[in-house]
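All the letters of the sequence shown, read from the start, carry residue numbers 1 to 133 under my numbering. C-beta atoms are modelled at their ideal positions from N, C-alpha and C, and glycine is treated no differently. The structure appears below as structure tokens.
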Amino acid sequence: MVSAMSLLWFNQNIPRMSFIMWMAIKGKLPTLERIAAYRPLVVTSCPLCHGPPESIDHLFFKCSEAIWRQIIRKCRVVGIPRSWHLLIPWASSSWNGKSARSVVKRLCLAASVYFIWKERNCRIFRNSFCPLL
Ligand SMILES: [Zn+2]
1 MVSAMSLLWF NQNIPRMSFI MWMAIKGKLP TLERIAAYRP LVVTSCPLCH GPPESIDHLF
61 FKCSEAIWRQ IIRKCRVVGI PRSWHLLIPW ASSSWNGKSA RSVVKRLCLA ASVYFIWKER
121 NCRIFRNSFC PLL
């Protein structure tokens with residue numbers, strides 16, 4: 001099995017995007033679901049869709065399904081797994097080469113995670129809204 005680190009640290013990476021991706025992979029981003037574990041009165045509904053509790057899997061996969069569909073189509077990806085926790089090991093083993101196509105797929109994944117997290121933070125902390133697509 002290839003390490004998830006191959007998705008993060010490569011010559012063409014964008015460090016701020018790789019850092020957020022690394023935090024997401026490690027489950028260390030302060031999602032509302034995590035914050036509610038020690039602050040029970042926090043409203044946990046997802047700030048993007050106002051639906052289910054904001055977890056890593058919901059925020060970066062289920063809630064962002066339209067984004068993933070665009071990436072899948074533009075990068076010509078097939079057989080993508082159906083959850084965040086399956087996506088990372090799958091992408092690590094599938095996109096680990098040095099080809100331009102592999103690098104672009106890793107950059108798209110990191111950029112998607114980065115901009116989803118950035119938009120989530122804008123909605124929570126600045127009360128501003130930017131369409132994700
Ligand atoms: Zn959502």
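_Span of the alpha helix (DSSP H), counted from its first residue to its last, around ARG120_ = 100–121
*asked:* Taking 6 Å as the cut-off, is the beta-carbon of CYS46 closer than that to any non-hydrogen atom of ligand 1?
replied: yes
*Apart from the five residues just before and just after LEU29, which ones in its own chain have a Cβ nearer than 6 Å to its Cβ?*
MET23
*Say the cut is 6 Å; is the CB of CYS122 nearer than that to a heavy atom of ligand 1?*
no
*CYS130 beta carbon near ligand 1 (any heavy atom closer than 6 Å)*: no
*Spatial neighbours of VAL113 within its chain, please: CB distance less than 8 Å, with the 5 preceding and 5 following residues excluded, ordered by chain position.*
MET17, ILE20, MET21, ALA24, PHE60
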